[in-house]
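S.K.: Just remember that this note's numbering sits 39 ahead of the position in the sequence shown, which is counted from 1.
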Amino acid sequence: MNINFEEIIKGLTQAMQGHLSAGVDEVKTYATRFTERRQKRLTEIARLYADKIITADQMREELEDEGRLLEAQLIAIHAIAKAAAQKAANAAINFLTDYFIQWIKPF
Numbered sequence: 040m041n042i043n044f045e046e047i048i049k050g051l052t053q054a055m056q057g058h059l060s061a062g063v064d065e066v067k068t069y070a071t072r073f074t075e076r077r078q079k080r081l082t083e084i085a086r087l088y089a090d091k092i093i094t095a096d097q098m099r100e101e102l103e104d105e106g107r108l109l110e111a112q113l114i115a116i117h118a119i120a121k122a123a124a125q126k127a128a129n130a131a132i133n134f135l136t137d138y139f140i141q142w143i144k145p146f
């Protein structure tokens, strides 16, 4: 029995594709929700400052907090993407394992 590399490539692609696509969708959803919330919050901070409800120092503190939130959210997005990549890698390994187990069974 010969190893069919085209079949392997196709199988690997199919095994990984679902996990990677799901990861992209999850990152998009997460990023969209985050940016919508941040946009509302930044608009509110700007309004509070424009209406002289908060001082420039208070606005600066709020913006620094927003910067820290952005950093945390980017770390979360990185973790989501990394998890999707790990799931895709695991699917590829499982495919290869199953493929070669079937390949060596006749022996």
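C-beta atoms are modelled at their ideal positions from N, C-alpha and C, and glycine is treated no differently.
Have a look at A95 and E83 and give me their C-alpha separation to the nearest angstrom.
M.R.: The straight-line gap from Cα to Cα measures roughly 14 Å.
S.K.: What three-state label does DSSP hand I42 in the structure shown?
M.R.: I42 falls in the coil class under three-state DSSP.
S.K.: Compute the distance between the beta-carbons of A127 and L59, then report whether it is under 7 Å.
M.R.: Contact flag set, yes.
S.K.: If we ignore side chains and look at the alpha-carbon of each, how far apart do R80 and I116 end up?
M.R.: Taking the straight line from one Cα to the other gives about 20 Å.
S.K.: Just checking, does the segment 64-73 make contact with the segment 131-145 on the three C-beta pairs under 8 Å criterion?
M.R.: Touching, no, given that fewer than three Cβ pairs across the two stretches are closer than 8 Å.
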